[in-house]
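**Student:** Residue numbers (this note's numbering): 38 to 226.
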Amino acid sequence: MKKIIALAALAVLPAAANAELLASVEGFASFSEFDAGGNTEDSDGFGLRGRVNLPGTGLFARAEYLDEELDGGADYEETRIGGGYSTSLTPLVDVYGEAQYLDFDLGGENQDGYGAFVGLETNLPLVTLYGRAGLGWLDDADITELLLGARIGVGLVGLFAEYRMLTLEPDNGGDIDNDGFRVGLRVAF
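#1: So, do the region 165 to 183 and the region 204 to 212 have three or more beta carbon pairs nearer to each other than 8 Å?
#2: Quick one, are the C-beta atoms of L183 and A225 less than 7 Å apart?
#3: Among D216, G150, V62, which one has its Cα closest to the Cα of A100?
#4: Decide yes or no for the touch test of the region 73 to 80 against the region 143 to 157: beta carbon pairs closer than 8 Å, at least 3 of them.
#5: Should A178 be labelled buried (16 or more other beta-carbon atoms within 10 Å of its own) or exposed?
#6: If you measure between the beta carbons of T67 and E105, is that distance less than 7 Å?
#7: Rounded C-beta distance between N160 and D131? I'm assuming under 8 Å.
#8: How about L64 and G221: do their beta carbons lie closer than 7 Å?
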(Lines of atoms letter the chains of each structure in order from A and count residues from 1; the text may use other names and numbers.)
(Lines give C-alpha, C1' and ligand atoms only; values in the text may rest on other atoms or scores of the structure.)
Protein backbone atom coordinates (compact mmCIF):
# COMPACT_ATOMS: atom_id res chain seq x y z
CA MET A 1 0.00 0.00 0.00
CA LYS A 2 2.84 2.42 0.84
CA LYS A 3 4.36 1.81 -2.61
CA ILE A 4 1.07 2.67 -4.32
CA ILE A 5 0.76 5.93 -2.37
CA ALA A 6 4.37 6.86 -3.20
CA LEU A 7 3.83 6.12 -6.91
CA ALA A 8 0.61 8.15 -6.92
CA ALA A 9 2.43 11.10 -5.34
CA LEU A 10 5.17 10.92 -7.99
CA ALA A 11 2.58 10.71 -10.77
CA VAL A 12 0.96 13.93 -9.55
CA LEU A 13 4.21 15.99 -9.67
CA PRO A 14 4.14 16.74 -13.43
CA ALA A 15 0.48 17.77 -13.20
CA ALA A 16 1.25 20.03 -10.25
CA ALA A 17 4.09 21.64 -12.21
CA ASN A 18 1.71 22.51 -15.07
CA ALA A 19 -1.25 23.62 -12.93
CA GLU A 20 -2.00 27.30 -12.44
CA LEU A 21 -0.16 28.35 -9.31
CA LEU A 22 -1.86 30.50 -6.69
CA ALA A 23 1.25 31.96 -5.11
CA SER A 24 5.02 31.80 -4.85
CA VAL A 25 7.62 32.90 -2.30
CA GLU A 26 11.28 33.49 -3.14
CA GLY A 27 14.35 34.12 -1.04
CA PHE A 28 17.64 35.14 -2.62
CA ALA A 29 21.20 36.33 -2.08
CA SER A 30 22.13 39.50 -3.95
CA PHE A 31 25.59 40.61 -5.13
CA SER A 32 25.81 44.07 -6.72
CA GLU A 33 28.22 46.77 -7.83
CA PHE A 34 27.33 50.43 -7.47
CA ASP A 35 29.04 52.85 -9.89
CA ALA A 36 28.62 56.59 -9.29
CA GLY A 37 30.71 58.66 -11.68
CA GLY A 38 33.53 56.12 -11.85
CA ASN A 39 33.56 55.43 -8.10
CA THR A 40 32.60 51.79 -7.67
CA GLU A 41 31.63 49.91 -4.55
CA ASP A 42 30.49 46.31 -4.11
CA SER A 43 27.54 45.26 -2.00
CA ASP A 44 25.84 42.07 -0.95
CA GLY A 45 22.71 41.16 0.90
CA PHE A 46 19.44 39.28 0.73
CA GLY A 47 15.95 39.68 -0.58
CA LEU A 48 12.47 38.23 -0.27
CA ARG A 49 9.60 38.46 -2.71
CA GLY A 50 6.18 36.96 -3.15
CA ARG A 51 3.46 36.82 -5.76
CA VAL A 52 -0.24 35.97 -5.46
CA ASN A 53 -2.30 35.15 -8.57
CA LEU A 54 -6.06 35.56 -8.89
CA PRO A 55 -6.94 32.26 -10.65
CA GLY A 56 -8.47 32.44 -14.10
CA THR A 57 -8.12 36.23 -14.46
CA GLY A 58 -4.45 36.91 -15.24
CA LEU A 59 -4.38 39.43 -12.37
CA PHE A 60 -1.61 39.24 -9.77
CA ALA A 61 -0.11 41.13 -6.83
CA ARG A 62 3.57 41.16 -5.98
CA ALA A 63 5.83 42.44 -3.17
CA GLU A 64 9.62 42.51 -2.89
CA TYR A 65 12.16 43.58 -0.26
CA LEU A 66 15.92 43.88 -0.83
CA ASP A 67 18.52 44.72 1.85
CA GLU A 68 22.19 45.14 0.89
CA GLU A 69 25.24 46.57 2.63
CA LEU A 70 27.91 48.34 0.61
CA ASP A 71 31.58 47.62 1.36
CA GLY A 72 31.90 51.17 2.77
CA GLY A 73 29.19 50.41 5.35
CA ALA A 74 26.21 52.23 3.80
CA ASP A 75 22.89 50.39 3.64
CA TYR A 76 20.78 50.03 0.49
CA GLU A 77 17.13 48.98 0.74
CA GLU A 78 14.40 48.55 -1.87
CA THR A 79 10.73 47.89 -1.23
CA ARG A 80 8.32 47.24 -4.09
CA ILE A 81 4.58 46.60 -3.93
CA GLY A 82 2.53 46.25 -7.08
CA GLY A 83 0.16 44.40 -9.27
CA GLY A 84 -0.48 43.67 -12.89
CA TYR A 85 -1.97 41.54 -15.62
CA SER A 86 -0.45 38.51 -17.37
CA THR A 87 -1.63 36.77 -20.54
CA SER A 88 -0.36 34.05 -22.88
CA LEU A 89 1.05 35.02 -26.27
CA THR A 90 1.61 31.36 -27.18
CA PRO A 91 1.36 28.14 -25.15
CA LEU A 92 5.01 28.68 -24.13
CA VAL A 93 5.28 32.48 -23.81
CA ASP A 94 3.51 34.81 -21.38
CA VAL A 95 3.64 38.61 -21.40
CA TYR A 96 2.76 40.87 -18.48
CA GLY A 97 2.45 44.49 -17.48
CA GLU A 98 2.84 45.73 -13.92
CA ALA A 99 2.62 48.94 -11.90
CA GLN A 100 4.61 49.20 -8.66
CA TYR A 101 5.02 51.50 -5.68
CA LEU A 102 8.79 51.95 -5.20
CA ASP A 103 10.72 52.90 -2.04
CA PHE A 104 14.52 53.19 -2.32
CA ASP A 105 16.87 54.06 0.55
CA LEU A 106 20.61 54.50 -0.05
CA GLY A 107 22.66 55.51 2.96
CA GLY A 108 19.70 57.19 4.67
CA GLU A 109 18.53 59.12 1.60
CA ASN A 110 14.98 57.95 0.93
CA GLN A 111 13.22 58.18 -2.44
CA ASP A 112 9.78 56.81 -3.22
CA GLY A 113 7.52 56.87 -6.25
CA TYR A 114 6.06 54.50 -8.80
CA GLY A 115 7.15 52.39 -11.77
CA ALA A 116 5.77 50.69 -14.87
CA PHE A 117 7.22 47.41 -16.13
CA VAL A 118 6.67 44.90 -18.95
CA GLY A 119 7.96 41.35 -19.03
CA LEU A 120 8.14 38.10 -20.98
CA GLU A 121 8.32 34.58 -19.56
CA THR A 122 8.90 31.29 -21.42
CA ASN A 123 7.53 28.17 -19.76
CA LEU A 124 9.65 25.30 -21.03
CA PRO A 125 9.68 21.89 -19.33
CA LEU A 126 11.75 22.22 -16.12
CA VAL A 127 13.21 25.60 -17.23
CA THR A 128 11.66 29.07 -17.27
CA LEU A 129 13.43 32.01 -18.90
CA TYR A 130 12.19 35.50 -18.12
CA GLY A 131 12.95 39.17 -18.56
CA ARG A 132 11.55 42.49 -17.40
CA ALA A 133 12.17 46.10 -18.40
CA GLY A 134 10.74 49.22 -16.85
CA LEU A 135 10.88 52.84 -15.87
CA GLY A 136 10.36 54.43 -12.47
CA TRP A 137 9.75 57.95 -11.23
CA LEU A 138 10.94 58.72 -7.70
CA ASP A 139 10.84 61.97 -5.67
CA ASP A 140 14.11 63.38 -7.04
CA ALA A 141 15.27 60.71 -9.49
CA ASP A 142 14.19 58.45 -12.33
CA ILE A 143 15.11 54.79 -12.74
CA THR A 144 15.62 52.47 -15.69
CA GLU A 145 15.70 48.73 -15.01
CA LEU A 146 16.41 45.56 -16.98
CA LEU A 147 16.23 42.11 -15.38
CA LEU A 148 17.04 38.74 -17.05
CA GLY A 149 16.65 35.40 -15.30
CA ALA A 150 16.33 31.64 -15.47
CA ARG A 151 14.53 29.27 -13.12
CA ILE A 152 14.76 25.49 -12.94
CA GLY A 153 12.49 23.33 -10.90
CA VAL A 154 10.64 20.11 -10.39
CA GLY A 155 7.15 20.32 -9.02
CA LEU A 156 6.69 23.23 -6.68
CA VAL A 157 10.33 23.93 -5.73
CA GLY A 158 12.91 25.63 -7.91
CA LEU A 159 16.21 27.48 -8.04
CA PHE A 160 16.78 30.71 -9.95
CA ALA A 161 19.53 33.07 -11.07
CA GLU A 162 19.09 36.65 -12.30
CA TYR A 163 21.11 39.54 -13.67
CA ARG A 164 19.79 43.05 -13.04
CA MET A 165 20.86 46.44 -14.40
CA LEU A 166 19.36 49.41 -12.56
CA THR A 167 20.22 53.05 -13.29
CA LEU A 168 19.20 55.81 -10.88
CA GLU A 169 19.17 59.20 -12.60
CA PRO A 170 18.96 61.96 -9.94
CA ASP A 171 17.35 65.22 -11.05
CA ASN A 172 20.57 67.07 -10.11
CA GLY A 173 22.73 64.80 -12.34
CA GLY A 174 25.31 62.11 -11.59
CA ASP A 175 23.83 58.72 -12.53
CA ILE A 176 24.24 55.74 -10.19
CA ASP A 177 24.45 52.32 -11.88
CA ASN A 178 23.60 49.24 -9.83
CA ASP A 179 24.43 46.01 -11.69
CA GLY A 180 24.28 42.65 -9.99
CA PHE A 181 23.42 39.00 -9.72
CA ARG A 182 20.89 37.18 -7.59
CA VAL A 183 20.60 33.48 -6.80
CA GLY A 184 17.79 31.97 -4.81
CA LEU A 185 15.12 29.42 -4.00
CA ARG A 186 11.47 29.54 -5.08
CA VAL A 187 8.56 27.68 -3.51
CA ALA A 188 5.19 27.76 -5.28
CA PHE A 189 1.82 26.61 -4.02
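Virtual Cβ for every residue (Gly too), placed ideally from N, Cα, C.
**Tutor:** The answer reads as follows:
#1: At 8 Å Cβ cutoff, the stretches touch.
#2: Counting from one through the sequence shown, the residue named residue 183 turns up at place 146. Counting from one through the sequence shown, the residue named residue 225 turns up at place 188. No, Cβ-Cβ distance for L183 and A225 is not below 7 Å.
#3: What you label residue 100 is simply residue 63 of the sequence shown in a count that begins at 1. With distances taken between Cα atoms, A100 lies closest to V62.
#4: No, the region 73 to 80 is not in contact with the region 143 to 157.
#5: Locating residue 178 in the sequence shown gives position 141, where the first residue counts as 1. That one is buried.
#6: Along the sequence shown, read from residue 1 onward, the residue named residue 67 stands at position 30. Along the sequence shown, read from residue 1 onward, the residue named residue 105 stands at position 68. Sequence check: residue 67 is Ser here, not Thr. Closer than 7 Å, so yes.
#7: Here residue 160 corresponds to residue number 123 of the sequence shown, with the count starting at 1. Here residue 131 corresponds to residue number 94 of the sequence shown, with the count starting at 1. About 7 Å separates the beta carbon of N160 from that of D131, a gap short enough to meet the 8 Å contact definition.
#8: In the sequence shown, counting from the first residue as 1, residue 64 sits at position 27. In the sequence shown, counting from the first residue as 1, residue 221 sits at position 184. The sequence as given places Gly at residue 64; Leu does not occur at that position. A contact, by the Cβ cut-off of 7 Å.
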